[in-house]
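Let me begin by presenting the structure, written as structure tokens, before commenting on it.
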Amino acid sequence: MAAKKEEKAMTVEQAFEEIEKKISLLEKEDVSLEDSFRFYQEGMKLLKYCNDSIDKVEKKVQKISSDGKTEDFE
Amino acid sequence: MHNVYTVSQVNAYIKNMFTQDFLLHAVTVKGEVSNLKYHTSGHIYFTLKDGAGAIACVMFAGSRRGLAFQLKEGMQVQVTGSVDVYERDGRYQLYARQIEQDGAGQLYEKFEQLKRKLSELGMFAEEYKQPIPRFIRTLGVVTAPTGAAVRDIINISTRRNPYIQIILYPAIVQGDQAAASIVRGIQVLSERAVDVIIVGRGGGSIEDLWAFNEESVAEAIFNSPIPIISAVGHETDTTIADYVADLRAPTPSAAAELAVFEYDRFQEKTEEYATVLMQMLQRQLQLKKDKAAAFGRELALLSPMSRVRDRQMRAANCEDRLNAAMQQVLQNFRHQLALDAERMKGLSPLERLSGGYAYAENEKGENIRSITQVTEGDVIRVRVSDGQIQTKVTGVTGEI
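As you go down the protein sequences, you meet chains U and P in turn.
For the first sequence, my numbering assigns the number 61 to the initial residue and increments by one for each residue that follows.
For the second sequence, my numbering assigns the number 341 to the initial residue and increments by one for each residue that follows.
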């Protein structure tokens, strides 16, 4: 419940919002070619960040044992 | 002859009997409240009854401290007080010093009191609710290590996202040690810096779920730095934990759905974004290309070459028109010639012969146009369409 104080790294949600912004910038007709490439590259970088944020390794459920250690559950 | 007593004497006698009875002096009676009257004087009158009988009860204003809730018709209560005689009416009644709710009712009352208290402290306020992050990597679960709740949470979470890391704190969720165990679970998982914690258990009676109505659990949830989803019992069970949690899920399964995003949907979304970004860039490139082409065309129109070409085209055009005009003139001449030839053909003497006319000439070949040119005996030639006839003039007459 208590609100977190420290600044955390960008969440995937925030990254998605940023991508949306890049897309809307790219949608404008009067954007320069240089900016187009820049927005595209930034968008792709954000996408990579999103993908990298999701660790794609299947994991076992962990259980915290009575001595505070973590072990496989089941 | 036996004694005759007054009513008052009998009532006083009976009252004395009641007063001397140790049990009736301090007795706890349970039953259902009926005929309830809150009198303006502050006294409360009601009847306590069960299936077989009833007893009149009164709680005087001076004893009201012994009642911590609003009495209601039909409530199951335990009344502690003394049974005594009301001499004026000649009847006995229970003088209540303390009234408590019976069993579940008592728990319900405790629940309402704590709910009121925490609500007044602001612990349920929206402003303290942490948003549940949508794309989490690690899910903490505080629940019993056996039973349907933990299985449902694990199954649904891993089905939605096979890459989710679940850390389970095997908690005691029922009985005296439950509250402390749940509190400890929340603390331990907070230290592990999981992204979201689900706290809950499967369905049960109000007694079974009671730990989730304990103040210590409510405080642990409120103070957790990690967002907490509560998932206690069935949809209809609402506990204090549900009120104080950042998000309330109706069941453990629903909690897993709220906590864990669908990996497939995430992948679709990122792929869609990549496509849109590429399309947008290509569109920009096309726009620039089109613009460059348009400028090129404008420039070409203004260039000297364009003027030269323009003149060349005009010259070519003139030539074409000249040729065409000349052709027309020649054509006209040819036409006229044809007409003239036709007309001349009509004027040819030979042509006339074909119409049955004849042409006469003398021996010298002169055309004979008058009778004066011949005399009797002259030989003349008469030409007709297919040859000539030599003939001799046998006479001349001036008549036609």
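Heads up, the beta-carbon is just placed ideally off N, CA and C, and yes, glycines get one too.
Chain P contact for residue i (CB, 8 Å cutoff)
| i | result |
| --- | --- |
| U:LYS119 | yes |
| U:ASP127 | no |
| U:ASP115 | yes |
| U:LYS23 | Look at the range of chain U in this structure, 61 to 134, and you will see that residue 23 of chain U is not part of it. |
| U:TYR100 | yes |
Whole-angstrom distance between residue j and residue i, CA atom to CA atom
| i | j | result |
| --- | --- | --- |
| P:ASN563 | P:PRO592 | 22 Å |
| U:LYS64 | P:GLN527 | In this prediction, U:LYS64 has a pLDDT of 46, which is less than 50 and means its spatial position is unreliable; what the coordinates show is noted afterwards. When rounded, the distance between both Cα atoms is 15 Å. |
| P:LEU447 | P:GLU440 | 10 Å |
| P:MET605 | P:LEU411 | Going by the sequence as given, residue 605 of chain P is Arg instead of Met. Approximately 54 Å between the Cα atoms of the pair. |
| P:GLN668 | P:ALA678 | 15 Å |
| P:MET399 | P:PHE358 | 18 Å |
| P:LYS732 | P:GLU716 | 8 Å |
| P:LYS455 | P:PHE464 | 9 Å |
| P:ALA560 | P:GLU597 | 23 Å |
| P:PHE386 | P:HIS379 | 10 Å |
| U:ASP90 | P:LEU641 | 25 Å |
| P:ALA594 | P:PHE552 | 18 Å |
| P:GLY393 | P:LYS370 | 12 Å |
| P:SER530 | P:ILE522 | 12 Å |
| P:ASP548 | U:LEU85 | 56 Å |
| P:CYS658 | P:GLN626 | 41 Å |
| U:ILE124 | P:VAL557 | 19 Å |
| P:ILE494 | U:VAL121 | 8 Å |
| U:ASP132 | P:GLY480 | 14 Å |
| P:ARG431 | P:HIS365 | 16 Å |
| P:ASP680 | P:GLU706 | 28 Å |
| P:SER348 | P:LYS355 | 10 Å |
| P:SER374 | P:ALA352 | 28 Å |
| P:LEU687 | P:MET666 | 32 Å |
| P:ILE729 | P:ARG721 | 6 Å |
| P:THR405 | P:GLU413 | One point to set straight first is that residue 405 of chain P is Arg, not Thr, in the sequence displayed. Cα to Cα, the separation comes out at about 20 Å. |
| P:GLY542 | P:PRO510 | 14 Å |
| P:ALA633 | P:ARG651 | 24 Å |
| P:GLN337 | P:LYS685 | Nothing about residue 337 of chain P can be reported from this structure: the residues present for chain P run from 341 to 740 only. |
| P:PRO502 | U:VAL117 | 8 Å |
| P:LEU779 | P:SER381 | With chain P covering 341 to 740 only, the question about residue 779 of chain P has no answer from this structure. |
| P:GLY696 | P:PHE673 | 34 Å |
| U:GLY22 | P:GLY525 | Residue 22 of chain U cannot be examined here, being either before or after the span of chain U that is shown, 61 to 134. |
| P:PHE635 | U:GLU80 | 32 Å |
Residue-level contact to chain U via CB, residue i, 8 Å cutoff
| i | result |
| --- | --- |
| P:GLN505 | yes |
| P:VAL743 | Residue 743 of chain P lies beyond the residue range present for chain P, which begins at 341 and ends at 740; the question has no answer from this structure. |
| P:PHE552 | no |
| P:VAL600 | no |
| P:ILE384 | no |
| P:VAL616 | yes |
| P:ILE580 | no |
| P:GLU475 | It is worth fixing the name first, because residue 475 of chain P is Phe in this sequence and not Glu. Taking Cβ atoms only, chain U reaches closer than 8 Å to P:PHE475, which makes this a yes. |
| P:PRO592 | no |
| P:ILE494 | yes |
| P:THR281 | Because chain P here runs from 341 to 740, residue 281 of chain P falls outside it and cannot be looked at. |
| P:TYR613 | yes |
| P:PRO502 | yes |
| P:THR420 | no |
| P:PHE451 | no |
| P:PHE606 | yes |
| P:THR610 | yes |
Integer Cβ distance of residue i from residue j, believed to fall under 8 Å
| i | j | result |
| --- | --- | --- |
| U:LEU107 | P:THR610 | 6 Å |
| P:ILE568 | P:VAL539 | 6 Å |
| P:GLY711 | P:GLY738 | The identity of residue 711 of chain P in the sequence shown is Ile, whereas the question assumes Gly. 7 Å between Cβ atoms; contact. |
| P:ALA489 | P:GLN433 | So it is not a contact: roughly 50 Å between Cβ atoms. |
| P:TYR435 | P:ASP424 | 6 Å |
Residue-chain proximity (residue i, chain A), Cβ-Cβ < 8 Å
| i | result |
| --- | --- |
| P:PHE386 | In summary, chain A is missing from the structure at hand, where the protein chains are U and P. |
* Asked: When Cβ atoms are compared, which residues of the segment 74-93 of chain U fall closer than 8 Å to chain P?
  -> PHE76, ILE79, LYS82, ILE83, LEU86, GLU87, GLU89, VAL91, LEU93
* Taking any Cβ of chain U, which residues in the segment 618-637 of chain P have a Cβ under 7 Å from it, in chain order? -> MET620, LEU621, GLN624, LEU627, LYS628
* Contacting positions in the segment 508-536 of chain P - beta carbon closer than 7 Å to chain U -> LEU508, TYR509, PRO510, VAL528
* Length at least 4, wholly inside the segment 476-500 of chain P: the alpha helix (DSSP H) runs in chain order -> 488-500
* **Runs of alpha helix (DSSP H) wholly within the segment 345-391 of chain P (minimum 4 residues, chain order)** => 347-360, 362-365
* To do: Kindly provide the ranges of any alpha helix (DSSP H) runs that are 4 or more residues long and lie completely inside the segment 515-546 of chain P, ordered along the chain.
  => Listed in chain order, the complete alpha helix (DSSP H) runs (minimum 4 residues) inside the segment 515-546 of chain P are 518-531.
* Curious, which full-length beta strand (DSSP E) runs of at least 3 residues does the segment 544-577 of chain P contain? -> Here the runs fully enclosed are 568-572.
* Asked: What are the start and end residues of each continuous beta strand (DSSP E) run of 3 or more residues lying completely inside the segment 640-714 of chain P, in chain order?
  -> 699-701
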